[in-house]
Structure formats: C-alpha cells, structure tokens
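Some notes on the structure that comes next.
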Amino acid sequence: MAGIYSQRLWLVVLFALALPACSSYQIQGVVVEGPQPGLFVVDSNDPRLTKWTAVADARVDSIIDPEKLRPKLLPSVMTDDRGRFVIPIDEPGAGLLEYTVSVYASADGYGDQGINTMPLPGSGKQVLVVLAAGRGARPRGTQSTEDLLNEAEKFKRQFE
Numbered sequence: 031m032a033g034i035y036s037q038r039l040w041l042v043v044l045f046a047l048a049l050p051a052c053s054s055y056q057i058q059g060v061v062v063e064g065p066q067p068g069l070f071v072v073d074s075n076d077p078r079l080t081k082w083t084a085v086a087d088a089r090v091d092s093i094i095d096p097e098k099l100r101p102k103l104l105p106s107v108m109t110d111d112r113g114r115f116v117i118p119i120d121e122p123g124a125g126l127l128e129y130t131v132s133v134y135a136s137a138d139g140y141g142d143q144g145i146n147t148m149p150l151p152g153s154g155k156q157v158l159v160v161l162a163a164g165r166g167a168r169p170r171g172t173q174s175t176e177d178l179l180n181e182a183e184k185f186k187r188q189f190e
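Converting from the sequence shown to this note's numbering requires adding 30 to each position, the first position being numbered 1.
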C-alpha cells in the first residue's frame, strides 16, 4: 500500500517539476498593409500572411482578459522586417483554458485598426493584423489600449 502512494507522489512531483519546463503559450502573427484595416485569426498557411506588404516596426499592444475585473496588460512587441510578431503569454493554462485577448497594432504612416477582442488562437492559427495606409487617427467607436485599461479600472472600482 505504501508503495502505491509513494509512486503516485513521485508522479505528482515529476509532473509539477515538468510544468515550468513546458514552453509558454505565444500568440504569433503578422502585421501587413491592406485595403481595409482589421484583425483576423487565420490558419498558419493562409496566403494573406505573406501575400500583402509586411509592416516592419509596427507596435502591437495586447491585454489578456480585458473584460475581467483585473485585466493584464501584456508587454508591447514590435514587428520584425517581415511584419512578424510574437506575444508571450505566461498566464496559467493559456492555450488550454479559455482566455480572451484584445490586440491593438499601430505604425507610423498607417491608420488605426482599432482594438479587437478575440479568444486566444488555437494551435496552427496566427493573428493577421491589416493596417491601411493613412494617418494614425482612430476610426470612430474604437479605443486605444490606454482607454480600454482606464475603462476596466473604473469598472473594477465600482466593486471595491
């Protein structure tokens, strides 16, 4: 009897030790120039990821669970020369549990695509952000990352 419990204990310990070694979840995506701004979750082999002109040095901001009482601002990332970006997400169970994320991209010389909220993309999926050439003014009805965080903070204070 004691042997069975010690085997199970070792399995639990090994599992717990292996968790930090697992790679963290990441959102992968591409920012491109296109005719109409928007954000799409697409298959990793979608031709639009490479068909349109890449936007290098675009800033991508994101918030995990923006509608919750405690949304978390994720680190800003910049696109590389091929418009690619990776957002690391270190939340427990990301990729397995249901999380939502708001993503906002901006770049000099491009209009704003606004903040889009979506479930975390599954495996084999990428985020395609399309920016249209133009000035950086936000379209009516969209918010900046800071606006969204301020609204979340006001909402949270109502319950404190």
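Glycine included, C-beta positions come from ideal geometry on N, C-alpha and C.
Per DSSP, Arg78 lies in no beta strand (DSSP E) segment; the continuous alpha helix (DSSP H) that holds it begins and ends at Arg78 to Lys81. Here Tyr129 carries a coil assignment [DSSP, helix/strand/coil].
The three-state reading of DSSP puts Leu161 in strand, counting E and B together. For Trp82, the CB contacts under 8 Å within the same chain, skipping 5 residues up- and downstream, are Val62, Glu63, Gly64 and Val160 in chain order. In the three-state reduction of the DSSP assignment, Ile119 falls in the strand class, which pools E and B.
At a Cβ-Cβ threshold of 8 Å, Ser132 and Thr147 count as neighbours. Distances from the alpha-carbon of Ala86 to those of Pro118, Gly113, Lys155 and Leu158 put Gly113 closest. Of all alpha-carbon atoms in Val72, Gln66 and Ile119, the one lying nearest the alpha-carbon of Asp142 is that of Gln66. Ile119 and Gly164 have their alpha carbons spaced roughly 31 Å apart. When only Cα atoms are considered, Asp111 and Gly154 end up about 22 Å apart. A residue is called buried once 16 or more other Cβ atoms fall within 10 Å of its Cβ, and Pro77, having fewer, is exposed. Of Tyr134, Gln58 and Gly144, the smallest CA-CA separation from Ile93 is found for Tyr134. For Ile93, the enclosing beta strand (DSSP E) covers residues Arg89 to Ile94. By the 16-neighbour rule on beta-carbons within 10 angstroms, Asp91 is buried. When beta bridges are read from the DSSP output, Lys98 appears opposite no residue.
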